[in-house]
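Report on the structure given below.
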Amino acid sequence: MPGALTRRDIAPKRAPGKAWLCVCSTNSSMSRCRAARKPAAAWAGWARRSDRAPQNSPAVRLYQTPGAGAGPFFRYLSAWFCPFAHRATIALEHHAGRVGYEWVEALGWTRKETKDGERADEWYYHWKSDELLKHNPSALVPTLIDARGRSVYESLVCVDFIDAVSGATGQDRLVSSDPVEAARSRVWAEKLNRECCSPYYGVLVKTDKGEQKAAFNSLLQGLRNFSKELVKTPGPTFLADAQLSNADISLLPWAYRYYVFEHYRGPEFVIPEEKEDASLAAYHEWFRHVMALPQV
Ligand SMILES: N[C@@H](CCC(=O)N[C@@H](CS)C(=O)NCC(=O)O)C(=O)O
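Under this note's numbering, the first residue of the sequence shown carries the number 1320, and numbering increases by one thereafter.
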């Protein structure tokens, strides 16, 4: 019968000798991903925690597959370094206790063995797991696989999907229950992606200094636009009263990384502090707030 898989059926198959990788193995505050550091057995207590979550919404019922415990559970195809995946990770961690997941490191780079050791440092190759190739036509992370083997992908879609199946209500939702606010934050999730995430790559990948600067300036303008929108509602986040949303999560993994600009491009690529540029004050307040959240 379709959907009769148990959690054991979707447990990860760890390659012999491979370590469990964390979302960010550096000393960042994004390194606190609990699931990434834990093997399958660590989820033993998860079903118990999920008993506390509302279990009566249609979306949650759909994901209660026979034998799979009390709440939705996914194999989460991810990559420790990927900011798109980090959007999904934040949504999963936000709904920890309502949604369970098994982290699977599904792509990366590895150094190739060479026979003679010559120029060994340059011999890297890009690997992808068979599971990722099978479950996402573009073979990109993040990709979520449910107990029936169905997949959901595209980071912003994953955030909304995780929220929909979580059964969360009120301030815990990442998509407002007010349809107008939900529409506004959906528009801004896409806008932030275009204006503040995409130019990040222009700054770092372009070789022409003028093009790097143009990308940086357009990113700054995106942050100023975001600042203006932030002050329309009370509280530091996009939605009112500190409710975290898909718009905040859209920007967060890139905002966290902006500090690398100074290292790779020099001091003129630092995001100005609020005392240097008052139009960025709300953005900085937002950044301090979201970076201090336990799920980030
Ligand atoms: N539009 C996608 C982009 C995801 C993406 O580009 N992920 C990268 C890792 S950061 C990836 O899977 N790259 C594999 C490849 O390019 O083949 C999303 O929002 O999920």
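Where a beta carbon is used, it is the ideal one built from N, C-alpha and C, also for glycine.
Cα separation between residue i and residue j?
i, j, result
"Ala-1287", "Pro-1553", "Outside the shown range of the chain, which is 1320 to 1615, sits residue 1287, and nothing can be said about it."
"Ser-1495", "Ser-1504", "8 Å"
"Asp-1465", "Leu-1411", "14 Å"
"Asp-1527", "Pro-1518", "14 Å"
"Gly-1489", "Ser-1474", "23 Å"
"His-1608", "Ser-1598", "18 Å"
"His-1445", "Val-1522", "23 Å"
"Asp-1482", "Ile-1409", "11 Å"
"Gly-1486", "Arg-1417", "7 Å"
"Gly-1468", "Ala-1559", "37 Å"
"Pro-1456", "Lys-1431", "26 Å"
"Lys-1447", "Ala-1502", "35 Å"
"Val-1484", "Gly-1390", "9 Å"
"Pro-1305", "Phe-1557", "Look at the range of the chain in this structure, 1320 to 1615, and you will see that residue 1305 is not part of it."
"Leu-1612", "Lys-1525", "33 Å"
"Val-1616", "Tyr-1520", "A query on residue 1616 cannot be resolved here, the shown segment of the chain reaching from 1320 to 1615 and no further."
"Tyr-1472", "Ala-1458", "9 Å"
"Glu-1595", "Glu-1587", "13 Å"
"Ala-1372", "Met-1610", "Confidence in Ala-1372 is poor, its pLDDT being 37 and thus under 50, which makes the residue's placement unreliable; the coordinate value appears in the next sentence. Cα-Cα distance, rounded: 25 Å."
"Val-1580", "Gly-1529", "The sequence given here has Phe at residue 1580, not Val. Phe-1580 and Gly-1529: Cα-Cα distance of roughly 15 Å."
"Ser-1621", "Asn-1512", "Residue 1621 falls outside the range modelled here, since the chain spans only 1320 to 1615, and no answer is possible."
"Pro-1555", "Asp-1449", "42 Å"
Can you check which of these residues, the options, is closest to residue i by C-alpha distance?
i, options, result
"Asp-1567", "Gln-1540, Arg-1492, Ser-1470 and Ala-1597", "Arg-1492"
"Arg-1576", "Phe-1393, Phe-1606, Pro-1456 and Ala-1487", "Phe-1606"
"Lys-1551", "Asn-1536, Arg-1513, Ala-1601 and Ile-1590", "Ala-1601"
"Val-1589", "Gly-1427, Trp-1399 and Lys-1532", "Lys-1532"
"Ser-1537", "Val-1476, Lys-1431, Lys-1510 and Asp-1449", "Lys-1510"
"Ser-1470", "Ala-1407, His-1454 and Lys-1547", "His-1454"
"His-1405", "Val-1506, Gly-1529 and Ala-1574", "Ala-1574"
"Leu-1426", "Trp-1399, Phe-1403, Ala-1407 and Val-1506", "Trp-1399"
"Ala-1508", "Asp-1449, Gln-1614 and Val-1476", "Val-1476"
"Phe-1403", "Asp-1596, Phe-1535, Leu-1570 and Glu-1530", "Leu-1570"
"Asp-1497", "Gln-1562, Phe-1535 and Glu-1587", "Gln-1562"
"Gly-1585", "Asn-1565, Asp-1596 and Phe-1535", "Phe-1535"
"Leu-1451", "Tyr-1395, Val-1499 and Tyr-1578", "Tyr-1395"
Could you tell me whether any non-hydrogen atom of ligand 1 is closer than 7 Å to the CB of residue i?
i, result
"Cys-1516", "no"
"Val-1615", "no"
"Ser-1474", "yes"
"Val-1456", "Note that residue 1456 is Pro in the sequence shown, not Val. No, Cβ of Pro-1456 sits at least 7 Å from all heavy atoms of ligand 1."
"Ala-1574", "no"
"Leu-1459", "yes"
"Phe-1403", "yes"
"Trp-1398", "The sequence given here has Ala at residue 1398, not Trp. Indeed, a heavy atom of ligand 1 lies less than 7 Å from the Cβ."
"Leu-1571", "no"
"Leu-1452", "no"
"Leu-1426", "yes"
Under 8 Å, do residue i and residue j count as touching if we go by C-beta distance?
i, j, result
"Val-1460", "Ser-1397", "yes"
"Leu-1542", "Cys-1515", "yes"
"Leu-1463", "Phe-1393", "yes"
"Thr-1429", "Tyr-1443", "yes"
"Glu-1592", "His-1603", "yes"
"Gln-1614", "His-1413", "yes"
With a cut-off of 8 Å, does the C-beta of residue i fall near any C-beta of chain C?
i, result
"Val-1460", "The structure shown contains no chain C; it holds only a single protein chain."
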